[in-house]
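Undergrad: The structure's right below; bear with me while I get my questions together.
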Amino acid sequence: MNLKISALEFVQEVQIGNISAEDFVAKTLEKIQSVDDNLHAFLSVNEKAIDQARDVDKKIKSGVKVGACFGMPISIKDNICIKDSKITCASKVLENFIAPYDATVITKLKQQDAIFIGKVNLDEFAMGLTTEFSAFGPSRNPWNPEYVPGGSSGGSAVSVSAFECVASLGSDTGGSVRNPASFCSVVGYKPTYGLISRYGLISYANSIEQIGPLTRTVKDTAFMLNLISGLDSNDNTTIDNKNEDYLSEIDSGIEGKKIGIIKEMVGEGIDPAVLSATKDAISKLESLGATCEEISLDMVKYSVAAYYTITATEAGSNLARYDNLRYGYDFPVEGYEFNSYIAKARQKFGPEVTRRIIIGGFVPSAGHAGKYFLKALKVKNKLTQEVNEAFKKFDLLLAPTVPILPFKLGEKIDDPVSLFLVDINTITANLTGKPAISVPFSVSNGLPIGMQLFADSMHDKLLLQAAHALEGTVTLPEAPI
Amino acid sequence: MVTEEEIERVSKLMKIDVNDHKEFVDKVQTMINYFDILDSAGAESEDISMQEISISNLREDKYIPFNGKLIEKLNNYKGTYVRAPKMS
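Those sequence lines, one after another, are chains Y and Z. Counting in numbering that gives the first Met the number 0, the first sequence runs from 0 upward without gaps. Counting in numbering that gives the first Met the number 0, the second sequence runs from 0 upward without gaps.
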């Protein structure tokens, strides 16, 4: 059984009867069993997965209409609700919490006969970019287990890269899908803000975060997007995409397209190997008929500070609900006064979440709001204007997903600012609401490099076409697992 | 300059006990120092844009019964009430 097939290949193979969903899911679970002690992508595995796959096979054999996933095993970041399954957000605060309802993306995938093979690791409440801030221990990079897999959707990227599933769903607040996708050599997608419902995604910074797929190929991402995008009455920020088919015309190519190379994302601090890969990507895009030209987005250098100010503020508000009364762990209320009980119970948050809650109280508070929070919102606005102007001239923008190569576990954990700066190339898409994708592009000294393309809002289809074209210019090795 | 008193005030405001306020002074100060870069962005005259959704575009404000007893998901409840500590 070849577990290394793409989602579209899986669907085709099951559809024509070359493989059964049950066998594939069983082999996938064996794979998880054999590699995950080392990689730690999964926080929980679905024990009913084989039974569910068998049910899909029965439907196929009996001629009943089967959903587009045909029993495809998908991993889900553990901040997305699956009814009656644990949802921990990789936090001790929610260690035994059972989701009472399905996220909209889960409802949609269930309707398409997807199998949720398990819930995967993340930085606690998605705050981080290495998975080192998971309360249940870090995930490891399948390309070299001494290195971080990126984050916060690290478990999602590892599970796809190490063939522990066919595709995954993560969430991207400042690059949390694209960063691990780049570090683990898989495709990671952050759609236009509002394209995918956030109902049932546990909020961290809801004004900018989005659920996004991680897959082996760009076509698989388009396939997933077809299944999970669109309006949702449970999320008023969703937008009507008129049931766009992102997979059709994906082979359109990029001849005649104008691509802006973001100067601030290939400058100071970039790893020479990443810079070299970027130059190679530019030359390959030009050979496909695109025109590439440098563009300066001055606000990018302020984006990290604006991002952390805004997200900490939203996190402070969003995480206020974890009072251990409505959610929480076993901690009796007897003998405590109301506020002191809540403050004591919330000590279970890990160090990074606590730090961000404190910052989230500090920057919008009286005396500081004008200096930090309001200024951050103004930078966000100015950055959006700059990017909108750029899209009047260019069809697409390009930059490496992360300016540096994956680094060793523990290397940056004690230096928050240095860690934050790893996000500098991904944050712009979140602050402006634009779609962006990380495409595996190169491998340097055994470590992957991803290339990032951006498009204007609602130009997701064009973005996927360009990403597919870029993907076709390279042949990369698989993770050595 | 972030002070220990300020961390104590904010942690109380955010309802989270912090054992060592001193430890957070340095961590928060490092991040706040970095945020000072916002002063040189030249964005003072910018507007702050917010997404606006009119009430008519919101879903109907009506009670939707939940299938299942949510209260039973809680650790501390009695009958149909959430069990909470005493208010001072």
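All residues carry an ideal CB built from backbone N, CA and C; glycine is no exception.
1. Run down chain Y in chain order and give the residues with a C-beta less than 7 Å from the C-beta of P64(Z).
2. Here's the rule I'm using: 16 or more other beta-carbon atoms within 10 Å means buried, otherwise exposed. How should E21(Y) be labelled?
3. Roughly how many angstroms lie between the CA atoms of K60(Y) and L7(Y), to the nearest whole one?
4. Since Q552(Y) and I253(Y) are thought to touch, with beta carbons under 8 Å apart, how far apart are those beta carbons, to the nearest angstrom?
5. Drop a sphere of 10 angstroms on the beta-carbon of R177(Y), count the other beta-carbons inside from all chains shown, and report buried for 16 or more, exposed for fewer.
6. Which two residues bound the contiguous alpha helix (DSSP H) that contains L469(Y)?
7. Could you tell me whether the Cβ of Y328(Y) comes closer than 9 Å to any Cβ of chain Z?
8. Express the C-alpha separation of E351(Y) and H20(Z) in angstroms, rounding to a whole number.
9. Who are the near neighbours of V332(Y) in its chain, counting only those whose CB is closer than 7 Å to its CB and skipping five residues on each side?
10. Around the C-beta of D219(Y), are 16 or more other C-beta atoms found within 10 angstroms, so that it is buried, or is it exposed?
11. Can you name the residues that DSSP bridges to Y188(Y)?
12. L481(Y) lies in the alpha helix (DSSP H); which residues open and close that run?
13. Going along the chain, which residues of the segment 458-473 of chain Y sit with their C-beta nearer than 7 Å to a C-beta in chain Z?
14. How would you list, in chain order, the residues of chain Z whose beta-carbon sits under 7 Å from the beta-carbon of Y301(Y)?
15. Leaving out the 5 sequence neighbours to the left and right, which residues in its chain are closer than 6 Å to I18(Y) when beta-carbon positions are compared?
16. What do you reckon, are the CB atoms on P415(Y) and K14(Z) nearer than 9 Å?
17. Taking all protein chains shown into account, decide if D455(Y) is buried (16 or more other Cβ within 10 angstroms of its Cβ) or exposed.
18. Mind checking L97(Y): buried by the 16 CB within 10 Å criterion, or exposed?
19. For Q209(Y), does the three-state DSSP call read helix, strand or coil?
20. If I follow the unbroken alpha helix (DSSP H) through A454(Y), where does it start and stop?
21. Counting only C-beta atoms, is R320(Y) closer than 9 Å to chain Z at any point?
22. Can you tell me the Cβ-Cβ gap for A156(Y) and F182(Y), rounded? I've got them flagged as a contact below 8 Å.
23. According to the neighbour-count rule (16 or more other Cβ atoms, all chains shown, within 10 Å of its Cβ), is I54(Z) buried or exposed?
24. List, in chain order, every chain Y residue whose beta-carbon is nearer than 9 Å to that of V81(Z).
25. Name the residue from N242(Y), E292(Y) and Q346(Y) whose alpha carbon lies nearest to the alpha carbon of I258(Y).
26. Can you name the start and end residues of the beta strand (DSSP E) that A166(Y) belongs to?
27. Please list, in chain order, the chain Z residues whose beta carbon lies closer than 9 Å to that of R345(Y).
28. Using a cut-off of 8 Å between C-beta atoms, extract the partners of D46(Z) located in chain Y.
29. Would you mind giving the Cβ-Cβ distance between L418(Y) and L128(Y), rounded to the nearest angstrom? I have them listed as a contact below 8 Å.
30. At the 9 Å Cβ level, is K72(Z) part of the contact set with chain Y, yes or no?
31. Flag this pair as yes or no: are the beta carbons of V34(Y) and K407(Y) separated by less than 9 Å?
32. Using a 10 Å radius around the Cβ and a threshold of 16 neighbouring Cβ atoms, would you call P476(Y) buried or exposed?
33. Does any residue of chain Z bring its CB to less than 9 Å from the CB of K189(Y)?
34. Using Cβ-Cβ distances below 8 Å, what residues of the segment 125-137 of chain Y are close to chain Z?
TA: Reading it off the structure:
1. None at all; the shortest Cβ gap to chain Y is about 13 Å.
2. buried
3. Between K60(Y) and L7(Y), the C-alpha separation is close to 20 Å.
4. Since the displayed chain Y opens at 0 and closes at 480, residue 552(Y) lies outside it and no answer follows.
5. buried
6. D459 to E470
7. With its beta carbon less than 9 Å from one in chain Z, Y328(Y) belongs to the interface.
8. 15 Å
9. The answer, listed in chain order, is Y340.
10. With a 10 Å radius around the Cβ and a threshold of 16 neighbouring Cβ atoms, D219(Y) comes out buried.
11. I436(Y)
12. It is not possible to answer for residue 481(Y), since the shown part of chain Y is limited to 0 through 480.
13. none
14. I36, L37 and A40
15. If we look at I18(Y) and ignore the five residues flanking it on each side, its Cβ neighbours are E12.
16. no
17. buried
18. Sequence inspection shows Ile at residue 97(Y); the Leu mentioned does not correspond to that position. I97(Y) comes out exposed.
19. Here Q209(Y) sits in strand by DSSP.
20. Per DSSP, A454(Y) belongs to no alpha helix (DSSP H); it is in the beta strand (DSSP E), L446 to A454.
21. no
22. Between A156(Y) and F182(Y) the beta-carbon gap is near 7 Å, inside 8 Å, which marks them as a contact.
23. exposed
24. Under a criterion of Cβ atoms nearer than 9 Å, the residues of chain Y adjacent to V81(Z) are, in order, L324 and R325.
25. When N242(Y), E292(Y) and Q346(Y) are compared, the shortest CA-CA separation from I258(Y) is found for E292(Y).
26. A166 to D171
27. M13, K14, I15 and D16
28. Neighbours of D46(Z) in chain Y, taken as residues at a C-beta separation under 8 Å, are given in chain order as K377 and N380.
29. The Cβ separation is near 7 Å, so the contact holds.
30. yes
31. no
32. exposed
33. no
34. So the list is empty, because no residue satisfies the distance condition.
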